[in-house]
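J.: Residue numbering for the sequence shown follows the working numbering, beginning at 265 and increasing consecutively. Glycine is no exception: its CB is placed at the ideal position from the N, C-alpha and C atoms. Dumping the structure here so I can ask a few things about it.
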Amino acid sequence: MDGRKELELRHLRCLVAIVDTGSFTDAGIELGLSQAAVSRTLLALERILGVRLLHRTSRSLTPTTAGVQVLARARHLLAEADELVHQATTGHTRLRIGHAWSAMGRHTAEFQRRWHDRYPGIELHLIRHNTPTGGLAEGLCDLAVVRTPIDTRRYAHALVGHERRYLALASDDPWAGRRSIRLDEIRERTLVVDRRTGTTTLDLWPEGARPATEYTHDIDDWLAAIATGRRVGVTPQATANQYRRDGITYRPLRDADPVPVHLIWRRHDPHPATHAAVALLADLYREGA
């Protein structure tokens with residue numbers, strides 16, 4: 265029989281308990297098993313894997329080279345299993361909202377406060393994940409705030425608001441003293457763009473009048489490039505609210521189309537609180553407007 269099919273979590277828990285407690289007796293106490301049962305479980309694990317996992321003497325026990333590797337993997341698998349059980353047992357008492365850069369922008373704190381007041385039985389978690397779906401495609405969240413084009417075949421969505429575009433530039437840039445900037449002026453500069461999750465594309469400018477472009481892969485690199493003073497960036501208002509940095513100034517763009525803000529979720533597995541989240545965030549954007 266294929267040994268991999270015989271492996272069970274109890275085998276891994278036994279190994280971890282033996283190493284962590286330092287003895288078979290104490291491992292048995294922790295697991296609620298007899299010392300003999302602990303010994304049999306470890307022996308079964310060694311047979312399944314075909315390697316010896318522990319050096320045993322009358323005074324000590326230490327992992328073998330193979331044991332060190334198996335132990336590290338065992339801890340990871342047990343943590344994953346515990347998280348799976350936690351998610352299944354907590355059910356819908358938790359709502360995870362993902363985002364790539366700046367959550368709900370200036371509405372983030374108020375959204376959290378109102379959610380806690382209105383839905384105290386549903387714990388809210390905001391998760392930053394630098395992917396186009398803010399972690400939704402990776403299974404890390406139940407909903408995601410996105411400001412980029414949506415795959416409407418895969419995800420359900422709701423438009424909750426719009427955000428004005430801003431120019432991000434170094435604080436000692438000559439333009440930093442101005443109240444606003446025109447979009448067509450930016451073609452004179454070098455524009456830094458996050459090609460993975462950014463909202464800015466060269467389609468904002470007509471062909472033949474587009475700025476020189478350099479690319480980054482996350483918000484920190486984007487801000488660092490702008491702080492040098494040699495590049496500028498175009499971004500939604502949420503970034504200006506969430507990422508205030510020494511050396512970075514934000515100025516509104518006068519003639520650029522606003523950025524649509526959507527909440528997206530899996531079509532066939534919506535969280536029961538989805539529409540409550542949509543309604544609350546839409547209210548905040550409407551009040552802000």
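How would you label leucine 273, buried or exposed, when you count the other beta carbons within 10 angstroms and need 16 or more for buried?
T.: Exposed is the call here.
J.: Less than 9 Å separating the beta-carbons of histidine 363 and arginine 392?
T.: yes
J.: Which stretch, first to last residue, makes up the alpha helix (DSSP H) that contains proline 270?
T.: Residue identity check: residue 270 is glutamate in the sequence provided, not proline. Per DSSP, glutamate 270 belongs to no alpha helix (DSSP H) and is neither H nor E.
J.: Throw me the rounded Cβ distance for the glycine 331 and glutamine 501 pair, which I believe falls under 8 Å.
T.: That pair is no contact at about 54 Å.
J.: How do the stretch 461–475 and the stretch 490–506 stand: do at least 3 beta-carbon pairs fall below 8 Å, yes or no?
T.: yes
J.: For the beta strand (DSSP E) containing valine 409, name the first residue and the last one.
T.: Where valine 409 is concerned, the enclosing beta strand (DSSP E) stretches over 407–410.
J.: Based on Cα-Cα distance, which residue from Gly296, Gly399, Gly511, Asp533 lies nearest to aspartate 437?
T.: Ranking the options by Cα distance to aspartate 437, first place goes to Gly511.
J.: Quick check on tyrosine 549: does DSSP put it in helix, strand or coil?
T.: helix
J.: Please list, in chain order, all residues of the same chain as arginine 515 whose beta carbon is under 8 Å from its beta carbon, the five residues on each side excluded.
T.: Tyr430, Leu431, Leu433, Trp439, Ala440, Arg442, Arg443, Ser444, Ile445
J.: Please state the DSSP three-state secondary structure of threonine 285.
T.: helix
J.: Taking Cβ to Cβ, would you say valine 456 is nearer than 9 Å to isoleucine 490?
T.: yes
J.: Where leucine 544 and aspartate 533 are concerned, what is the direct C-alpha to C-alpha distance, given to the nearest angstrom?
T.: Looking at the two C-alpha atoms, the distance is approximately 20 Å.
J.: Please specify which runs of the alpha helix (DSSP H), each continuous and at least 4 residues long, are wholly inside the stretch 494–533, giving them in chain order.
T.: Listed in chain order, they are 501–506.
J.: At 3 residues or longer, and completely inside the stretch 302–346: list those beta strand (DSSP E) runs for me, N to C.
T.: 318–320, 325–327
J.: Tell me whether proline 536 is buried or exposed, calling it buried when 16 or more other Cβ atoms sit within 10 Å of its Cβ.
T.: exposed
J.: So, are the CB atoms of arginine 316 and threonine 328 less than 9 Å apart?
T.: One thing to note: arginine 316 has its Cβ within 9 Å of the Cβ of threonine 328.
J.: Threonine 465 by DSSP, collapsed to three states: which one?
T.: coil
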